[in-house]
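Engineer:
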Amino acid sequence: MTLVITRFPMADADDPAVFRVTEGIWQDAGLLSNFVHSADDATVMALVAPQHVRCSWFSFPDLEARQAEGVAKLRATEQSLGLVHSSAGLDLDGAIATASISPEVMQRGLDSLAARDLNPDIVLPFALVLNSPSEGVSEAEFDGVSVLRGPGFAIPDEPVLRDIFVGASVADIVDAQNLRSMLVRASAAPVLNLREGIFAKRERTVWTTAEQRKWIKRLLSAIVIITVVITVVTLAKYWSATSAENQTALATAQKVDPSIRDIDQAESALANALDRRGIVHSGFTPLSAALWRSVKASPNVSVRELRFTRDGILTAVLAAPTADNLNKTLVAIQQDGFRITATPRQDTSGSTLVDLTVRMP
Numbered sequence: 017m018t019l020v021i022t023r024f025p026m027a028d029a030d031d032p033a034v035f036r037v038t039e040g041i042w043q044d045a046g047l048l049s050n051f052v053h054s055a056d057d058a059t060v061m062a063l064v065a066p067q068h069v070r071c072s073w074f075s076f077p078d079l080e081a082r083q084a085e086g087v088a089k090l091r092a093t094e095q096s097l098g099l100v101h102s103s104a105g106l107d108l109d110g111a112i113a114t115a116s117i118s119p120e121v122m123q124r125g126l127d128s129l130a131a132r133d134l135n136p137d138i139v140l141p142f143a144l145v146l147n148s149p150s151e152g153v154s155e156a157e158f159d160g161v162s163v164l165r166g167p168g169f170a171i172p173d174e175p176v177l178r179d180i181f182v183g184a185s186v187a188d189i190v191d192a193q194n195l196r197s198m199l200v201r202a203s204a205a206p207v208l209n210l211r212e213g214i215f216a217k218r219e220r221t222v223w224t225t226a227e228q229r230k231w232i233k234r235l236l237s238a239i240v241i242i243t244v245v246i247t248v249v250t251l252a253k254y255w256s257a258t259s260a261e262n263q264t265a266l267a268t269a270q271k272v273d274p275s276i277r278d279i280d281q282a283e284s285a286l287a288n289a290l291d292r293r294g295i296v297h298s299g300f301t302p303l304s305a306a307l308w309r310s311v312k313a314s315p316n317v318s319v320r321e322l323r324f325t326r327d328g329i330l331t332a333v334l335a336a337p338t339a340d341n342l343n344k345t346l347v348a349i350q351q352d353g354f355r356i357t358a359t360p361r362q363d364t365s366g367s368t369l370v371d372l373t374v375r376m377p
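If you use the numbering used here, the sequence shown corresponds to residues 17 to 377, in order.
1) Would you say P360 and T373 are within 8 Å of each other, going by their C-beta atoms?
2) Tell me, please, which residues DSSP counts as bridged to A33.
3) Can you name the residues that DSSP bridges to S162?
4) When the Cα atoms are used, what is the spatial distance from T225 to Q43?
5) In the DSSP assignment, the alpha helix (DSSP H) including R178 goes from what residue to what residue?
6) Just confirm the distance between the C-beta atoms of A269 and A285, as a whole number of angstroms; I'd bet it's less than 8 Å.
7) What is the DSSP secondary structure of G110, counted as helix, strand or coil?
8) Could you check whether S304 and L330 sit closer than 8 Å to each other, using their CB atoms as the reference points?
9) Hey, how far is the Cα of L129 from the Cα of I241?
10) What separation, rounded to the nearest whole angstrom, lies between the Cα atoms of Q351 and N341?
11) Assign H53 to buried or exposed, taking buried as 16 or more other Cβ atoms, counted over all protein chains shown, within 10 Å of its Cβ.
12) Since W308 sits in a beta bridge, which residues does DSSP pair it with?
13) DSSP three-state call for L235: helix, strand or coil?
14) Excluding five sequence neighbours on each side, which residues of the same chain lie with their C-beta closer than 8 Å to the C-beta of D415?
15) Pick helix, strand or coil for F142, following the three-state DSSP scheme.
16) Does the distance from the CB of S150 to the CB of A187 come in under 8 Å?
17) If you count every other CB in all the chains shown that lies within 10 Å of the CB of T364, and 16 or more means buried, which is it?
18) Give the secondary structure of V69 by DSSP, where H, G and I count as helix, E and B as strand, and everything else as coil.
19) Between the segment 198 to 215 and the segment 168 to 177, do three or more beta carbon pairs fall short of 8 Å?
20) Where does E212 fall in DSSP's three states?
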C-alpha cells in the first residue's frame, strides 16, 4: 500500500508538491493541481507549515495521559488569540504537545485537498515530525517550507525569529534522508492529529463494490426483462383464451342467425332480442359467464338448454355421464357466490341431467 505525503495548502493559489512512498521508495507525484488519486493510496498525510499553526508544550506529571491532553488543549486555546481548533498528544520527550490552527485555515486546506480527491487521514504540524532535541536547534525543510525546532518551541525559519531563538548558535540541519525517515515514522504514529473533533475524517459508507454494483444492475435488468416477458405471455394467453371463447360464442350465434359476422354483432343481437321480450339482460352476462366457466372446468358436462327469464333467472339443462361430473359444476357455481336450485333426472339414453336455475347473489 502507498503513503501519500503533501503540504497542507494554505490558499487557493497554493499548489504544493505531492509524494508517494511505496515500500520505502519515494516518488514525486507532481503538483497537487495535477494529482490523480490511485486505488493504492492507503494513507494520506498533510503537513502544516509553522506559519499557520501554533505549537505549545505542557507538562502535567500528576495527570493521566488522556486528562493531561484535555487540559493541554484548554491551555493552548486560552493562550491563542481568537477562535482556534486545537489537538494534543504525547511528544517523544514525554511532554504534552499541542497544535492550534484557525478553523478557517483548516477548512480551506481540507477543501483544496478534497478538490483533488485527497481526504487526509493525518494533518500534522511539520515541526512535530522532527525529533525534539534536548538542547540546540534542529532545522528542516520540506517543499519550500523551513522550520526551526528546539526545546519547547517550533517556529518558521525567518531571520527575525532565528536571531531571537537561535542567536549565534548553529542549527543542526536535518538532511533529506533522515527527514524522509521521520516523515514515514510520523505517518505510522503521529504525535497528534488535527483531524479530530469537528474536523474528524468521515469515511463515506460503501455498501457495495463496483463489481457488486455491476452484477446488481445486470440482475435488475434481467428481472425487468423476465417480468415483461411473463406479462406479454400472460396477456397472450388471455387474449388467446378470450378469442377462442368468442369464436365458440360466435359459432353458436350464427346457428341461430347466419347473418351475424362478429362477436360484437352477436352481443348486440342478444341484447336486442332480450329487450324485445321485455327481459332485463343486465344479469345475463355474469350468470351465463359463471355457468360456462363452471361447465368448462368440469369434464364431460354439456349444456343442452339455456334460457333467461324476464325476472333475471338463468335456467339451463346440464347433461353428463355421471352425477359426480354434474356435482363438480354445481359446486363451482356456488363457490362463485351465485344462488342455484338443481333437480336431477335421467333421460332415455341413460345420461344424468339436471334442471338448473341460477340467480344473482
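We treat Cβ as the ideally placed atom computed from N, Cα and C, and that holds for glycine.
Structural biologist: Well, looking at it:
1) Inclusion of P360 and T373 in the CB contact set at 8 Å is not warranted, their separation being larger than that value.
2) Under the DSSP definition of a beta bridge, A33 partners with L47.
3) Bridge pairing for S162: E157 [DSSP].
4) T225 and Q43: Cα-Cα distance of roughly 29 Å.
5) R178 -> alpha helix (DSSP H) spans 175 to 181.
6) 7 Å between Cβ atoms; contact.
7) Three-state DSSP puts G110 in coil, outside helix and strand.
8) A Cβ-Cβ contact shorter than 8 Å links L330 with S304.
9) Cα to Cα, the separation comes out at about 44 Å.
10) Taking the straight line from one Cα to the other gives about 16 Å.
11) With fewer than 16 Cβ atoms within 10 Å of its Cβ, H53 is classed as exposed.
12) Paired residue(s): none; W308 is not in a bridge.
13) Look at L235 here: in three-state DSSP terms it is helix.
14) The requested residue 415 is not part of the displayed model; the chain covers only 17 to 377.
15) The three-state reading of DSSP puts F142 in helix, counting H, G and I together.
16) No, the Cβ-Cβ distance between S150 and A187 is not below 8 Å.
17) With fewer than 16 Cβ atoms within 10 Å of its Cβ, T364 is classed as exposed.
18) If DSSP states are grouped into helix, strand and coil, V69 belongs with coil.
19) Short answer: they don't touch.
20) Here DSSP, grouped into helix, strand and coil, assigns E212 to coil.
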